[in-house]
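Numbering of the sequence shown is given in UniProt numbering, commencing with residue 1 and proceeding in unit increments.
The block underneath contains the structure these notes are about, expressed in structure tokens.
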Amino acid sequence: MNRLRFQLREWTRQFWFIPAVLTVLAVLLAEAGITLEEQNGIPEGLAFVYSGGESGARSVLSAVAGSAIGVAGTVFSITIAALSYAAGSMGPRLLDHFTRDRGNQVVLGVFIATFAFTLYTLRAVQGGENSPFVPHYNVTVGMLLALLCVAALVYFLAHVTGTINMTTVVNLLRDDLQGALTRATHPVGDAVEGPSSPPPEAFWQGGELLRAPTGGYLQLLDVEQLLTAAKQANVAVRLNVRPGTYIFPNTPIAVGVPHLPEGVMDALTLGPRRVQGQDLEYSVRQLTEVAVRALSPGVNDPVTAMDVTDRFGDVLCRLHGRRWPSGVHVDDGHLRLVYPITTFAGLMDAMFHMIRQYGHSSPAVTLRLLEVLTRVAEALVAPDRHHEIRRHADLIYGDALHATKNVSDRLEIEERYRRLQQVLTLDARDIPEG
1 MNRLRFQLRE
11 WTRQFWFIPA
21 VLTVLAVLLA
31 EAGITLEEQN
41 GIPEGLAFVY
51 SGGESGARSV
61 LSAVAGSAIG
71 VAGTVFSITI
81 AALSYAAGSM
91 GPRLLDHFTR
101 DRGNQVVLGV
111 FIATFAFTLY
121 TLRAVQGGEN
131 SPFVPHYNVT
141 VGMLLALLCV
151 AALVYFLAHV
161 TGTINMTTVV
171 NLLRDDLQGA
181 LTRATHPVGD
191 AVEGPSSPPP
201 EAFWQGGELL
211 RAPTGGYLQL
221 LDVEQLLTAA
231 KQANVAVRLN
241 VRPGTYIFPN
251 TPIAVGVPHL
261 PEGVMDALTL
271 GPRRVQGQDL
281 EYSVRQLTEV
291 AVRALSPGVN
301 DPVTAMDVTD
311 RFGDVLCRLH
321 GRRWPSGVHV
331 DDGHLRLVYP
341 ITTFAGLMDA
351 MFHMIRQYGH
361 SSPAVTLRLL
371 EVLTRVAEAL
381 VAPDRHHEIR
391 RHADLIYGDA
401 LHATKNVSDR
411 LEIEERYRRL
421 QQVLTLDARD
431 IPEG
């Protein structure tokens with residue numbers, strides 16, 4: 001069921017889905033209007049926006065259909081060109097946000113639905129003296145749809161302008177990351193799912209191995225299905241891969257003790273690309289790519305890198321009071337499932353390693369990194385999290401001192417580093433977040 005929901009979600013988020021639905025609805029509406037007028041005629045006293053004859057109806061419908069599809073093609077072609085240019089500084093993966101944006105999908109759907117509606121209605125317009133027919137309902141609706149297209153065009157131009165704005169993009173990616181972390185972590189007061197650490201490697205020796213029949217990114221891991229299968233077979237299962245991992249064919253991906261239950265591969269959804277959801281590092285790497293591109297010599301935009309660093313700090317500070325899952329599931333005292341997870345240390349590495357490596361020669365970026373880590377250390381007071389913050393602070397400080405030649409800049413970096421160390425040496429003031 002989880003795989004079905006995942007595939008349905010991915011299917012409905014495709015760029016063509018809403019335009020296709022609106023086009024089908026437009027054709028059905030056109031047929032309904034034609035049938036209604038053919039069977040019941042026009043009530044007396046009912047006024048229409050259009051009340052002309054067959055020749056005028058053809059002209060109006062042809063103009064609306066041609067304008068709708070022409071404007072749609074021109075506008076979206078120009079927009080794709082602008083987005084391609086913007087992707088050079090923000091990363092090509094961000095084009096996916098444009099295609100999955102509901103506003104863009106609805107605008108395209110309005111244009112295509114208008115074209116389909118008017119084109120379908122044109123076939124019903126008949127001239128001559130014997131059986132002339134002018135679908136007044138549909139011609140009126142077609143003119144109203146033309147006005148709707150104008151409104152959609154104005155909205156689209158304003159919407160796209162904001163979509164390719166760097167701050168807007170960074171905030172959208174921050175929201176995606178925050179949502180993924182909220183789903184992955186749990187409040188401290190929640191019941192603990194099992195032991196905090198998996199059994200030793202010796203426990204799995206002699207177990208049955210499962211090799212990947214094909215390759216691809218692990219997009220979805222159905223934990224509930226795996227747990228159910230392990231309980232029914234009375235076995236313990238360990239996965240070697242986590243969502244976001246690229247699985248190579250014929251490599252070991254799971255082991256079962258004493259054997260593997262049936263249907264393990266059914267709980268794993270593989271695909272050709274990484275997707276949002278369980279893959280925490282996917283959203284992190286999209287933000288990191290924005291920062292790294294901004295720090296490249298061709299772009300040289302440290303302000304954007306500092307904005308990304310601020311968003312990382314915002315997301316990390318929200319982890320206060322939330323515990324990390326262990327990836328270990330026990331049922332009635334029996335180990336059932338162990339799977340790797342993205343740890344807090346791994347999340348910090350994905351966030352800050354590349355920004356440090358590409359921005360170590362920029363004192364402004366270094367200072368901002370140390371400031372953000374200071375704020376994070378004030379929010380997350382658990383010793384294990386302070387350990388990771390200190391580790392990254394030491395790396396940032398060491399690289400910055402090596403690359404910074406200006407004495408004044410070095411003194412400021414040393415001051416920020418000392419300030420962070422003062423926060424890290426304070427005793428824990430709250431209950432550890434997890």
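The beta carbon of each residue, even a glycine, is placed where N, CA and C say it ideally should be.
Bear in mind that the values here come from a model prediction, so they are computed numbers and not experimental data.
| query | result |
| --- | --- |
| Presumed contact (8 Å Cβ cut-off) between TYR137 and GLY33, rounded CB distance | 4 Å |
| Whole beta strand (DSSP E) elements within the segment 166 to 248, 3-residue minimum | 208 to 211, 216 to 221, 236 to 239 |
| Assumed close pair ARG356, ASP399 - CB separation to whole angstroms, cut-off 8 Å | 6 Å |
| PHE133 (DSSP reduced to helix, strand or coil) | strand |
| Residue environment, ASP307, which counts as buried when at least 16 other CB atoms sit within 10 Å | buried |
| Beta-carbon proximity check, GLU224 vs VAL134, cutoff 9 Å | no |
| Residue environment, SER283, which counts as buried when at least 16 other CB atoms sit within 10 Å | buried |
| Those residues which DSSP pairs with LEU335 across a bridge | VAL330 |
| Burial state of THR269, where buried means 16 or more other Cβ atoms lie within 10 Å | buried |
| Span of the alpha helix (DSSP H), counted from its first residue to its last, around ILE396 | 383 to 403 |
| Other residues of its chain near LEU108: CB distance less than 7 Å, five sequence neighbours each side excluded | PRO19, ALA72, PHE76 |
| Supposed close pair ILE389, LEU424 - CB separation, criterion 8 Å | 7 Å |
| Euclidean distance between Cα positions of residue 436 and PHE117 | No statement about residue 436 is possible, as the shown extent of the chain runs from 1 to 434 and does not include it. |
| Status (buried if at least 16 other CB within 10 Å, exposed otherwise) for HIS387 | exposed |
| Neighbourhood of VAL315 by C-beta distance below 7 Å, restricted to the same chain and skipping five residues each side | ARG174, LEU177, GLN178, LEU181 |
| Sequence-distant residues of its chain with Cβ nearer than 6 Å to MET351 (five each side left out) | VAL284, PHE312 |
| With 16 other Cβ atoms within 10 Å as the buried cut-off, status of PRO297 | exposed |
| Pairwise C-alpha distance: THR163 and VAL381 | 36 Å |
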